[in-house]
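Numbering (the UniProt record's numbering), first residue to last: 1 to 212.
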């Protein structure tokens, strides 16, 4: 009976570890998607960075998916664009739509050869980003269910969020395997240091990828 309980207890850390790894992989994939989106948009919309606060926010993704290039803007009306984006961003104002259209006009003619294929690429990237965002949300829901069962309460500490806690827990495993709190604290400190260094490496990699 005890062996069965121990096995079940160990399974939860395995599950958390796998979910954390899976989330990391999806996040990395979305970083690449985002870089590709930046590249594609720079051709059709030179001023695209001024359109929205985030290139992969809900409003922005809705805009890119429905209007991957200016020719889609000219075939509709500001009111229709407003209606389309407002479905995902209730606080949007029609004035913002007019401001975006003005920037597009100032950019001039940006149409390229094989524009239909280019538009298809933008839409494909957007769909991939949106799908990954949903997958990340699903994983975080599962982590929120599992983490309280481990006995850890790391999120009560300043600077420790759901993702950081899941990574620490996946590194440390069962806290009961430590003979005293001092050894646990030392191991946690080492785990935190490793996570910080890994985060720095990832950030540097993202910056290099964005610059290229």
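Using N, Cα and C, we set each Cβ at its ideal position, and we do this for glycine too.
So residue 98 is in the alpha helix (DSSP H); what residue range does that whole segment cover?
Its alpha helix (DSSP H) spans residues 94–107.
So for residue 110, helix, strand or coil by DSSP?
In the displayed model, residue 110 falls within coil according to three-state DSSP, outside both helix and strand.
With DSSP as the reference, label residue 52 as helix, strand or coil.
If DSSP states are grouped into helix, strand and coil, residue 52 belongs with coil.
At what residues does the alpha helix (DSSP H) containing residue 142 begin and finish?
First-last of the alpha helix (DSSP H) with residue 142: 115–146.
Closest residue to residue 48 among 101, 161, 79 and 115 (Cα-Cα distance)
Considering only alpha carbons, the answer is 101.
Within 10 angstroms of the Cβ of residue 145, are there 16 or more other Cβ atoms? Answer buried if so, exposed if not.
With fewer than 16 other beta carbons inside 10 angstroms of its own, residue 145 counts as exposed.
CB-CB under 8 angstroms to residue 71, same chain, minus the five flanking residues each way: which ones, in chain order?
111 and 115.
Assuming residue 67 is part of the alpha helix (DSSP H), what are its boundary residues?
Where residue 67 is concerned, there is no enclosing alpha helix (DSSP H), given that its DSSP letter is neither H nor E.
Going by alpha carbons, who is nearest to residue 96 out of 35, 138, 52 and 163?
The option with the nearest alpha carbon to residue 96 is 52.
Please work out which residues of its chain come closer than 8 angstroms, Cβ to Cβ, to residue 208, disregarding the five sequence neighbours upstream and downstream, and give them in chain order.
Below a pLDDT of 50, predicted positions are generally treated as unreliable, and residue 208, at 47, falls in that range; no measurement from the model is reported.
Alpha carbon to alpha carbon, how far is residue 142 from residue 169? Give it in angstroms, no decimals.
Linking residue 169 to residue 142 through their CA atoms gives a straight-line distance of about 14 angstroms.
Classification of residue 76 by the beta-carbon crowding that lies within 10 angstroms, buried from 16 upward:
Its Cβ having fewer than 16 others within 10 Å, residue 76 is exposed.
What do you reckon, are the CB atoms on residue 132 and residue 30 nearer than 8 angstroms?
Taking 8 angstroms as the Cβ cut-off, residue 132 and residue 30 qualify as a contacting pair.
For residue 34, which option in 106, 50 and 129 has the closest C-alpha, if you only look at C-alpha atoms?
When each option's Cα is compared against that of residue 34, the closest is 129.
Do you know how far the Cα of residue 106 is from the Cα of residue 161?
In a straight line, the C-alpha of residue 161 is about 43 angstroms away from that of residue 106.
How far does the alpha helix (DSSP H) with residue 169 in it extend, from its first residue to its last?
In this chain, the alpha helix (DSSP H) harbouring residue 169 covers 162–172.
For residue 18 versus residue 125, is the C-beta spacing smaller than 8 angstroms?
No; because the gap between Cβ atoms is not below 8 angstroms, this pair is not in contact.
Compare the beta carbon distance of residue 94 and residue 73 with 8 angstroms and say whether it is the shorter of the two.
Going by C-beta atoms, residue 94 is not nearer than 8 angstroms to residue 73.
Between which residues of its own chain and residue 88 is the CB-CB distance below 7 angstroms, once the five residues before and five after are set aside?
Here the set comprises 58, 59 and 62.
Which of helix, strand or coil does DSSP assign to residue 212?
At residue 212, the pLDDT of 46 sits below 50, so the modelled position is not reliable; the number obtained from the coordinates is stated separately. If DSSP states are grouped into helix, strand and coil, residue 212 belongs with coil.
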